[in-house]
Amino acid sequence: HIGVQFDRELVQVVSESSHKAVRDTQLAQDEAGWLRAQLEAEWCQGAARVELCAELEARLAEARAALGREREERGRLEGECASLEERSSLLEAKLEAVALSE
474 HIGVQFDREL VQVVSESSHK AVRDTQLAQD EAGWLRAQLE AEWCQGAARV ELCAELEARL
534 AEARAALGRE REERGRLEGE CASLEERSSL LEAKLEAVAL SE
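Oh and the sequence shown: position 87 is 560 in this note's numbering, straight run, nothing missing.
Next up, the structure:
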């Protein structure tokens, strides 16, 4: 009897240990899968952020280039305006001289 009882208890202990090992393995696999999914999500977010940064840098470069063109155009127009004002002043002076000589 003692041998049979011992065998039964041994089988039960081994069976319970086996089931626990299977459960623990499954839990570890589930956790590993969850961690893998989290890592992939973070990687995707990081990639999206890098892409957004590159897009913002490109927009900033375009804005700086547009500002440079605007400054150049403003400088050209200011020079043209000064030239026209000078010409206008000369024409007014000539007109006054003609009016005085009459």
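Note that beta-carbon positions come from the ideal geometry of N, C-alpha and C, so glycine has one too.
Just the Cα atoms here: how many angstroms apart are residue i and residue j?
i, j, result
"Gly519", "Cys526", "10 angstroms"
"Arg537", "Ser574", "55 angstroms"
"Phe479", "Leu512", "48 angstroms"
"Ala510", "Gln502", "12 angstroms"
"Asp497", "Val486", "16 angstroms"
"Ala474", "Ser488", "The sequence given here has His at residue 474, not Ala. If I take the Cα positions, the gap works out to 21 angstroms."
"Arg544", "Ser562", "27 angstroms"
"Glu530", "Ala514", "24 angstroms"
"Arg549", "Arg542", "10 angstroms"
In three-state terms, what does DSSP make of residue i?
i, result
"His474", "coil"
"Glu535", "helix"
"Glu482", "helix"
"Glu575", "coil"
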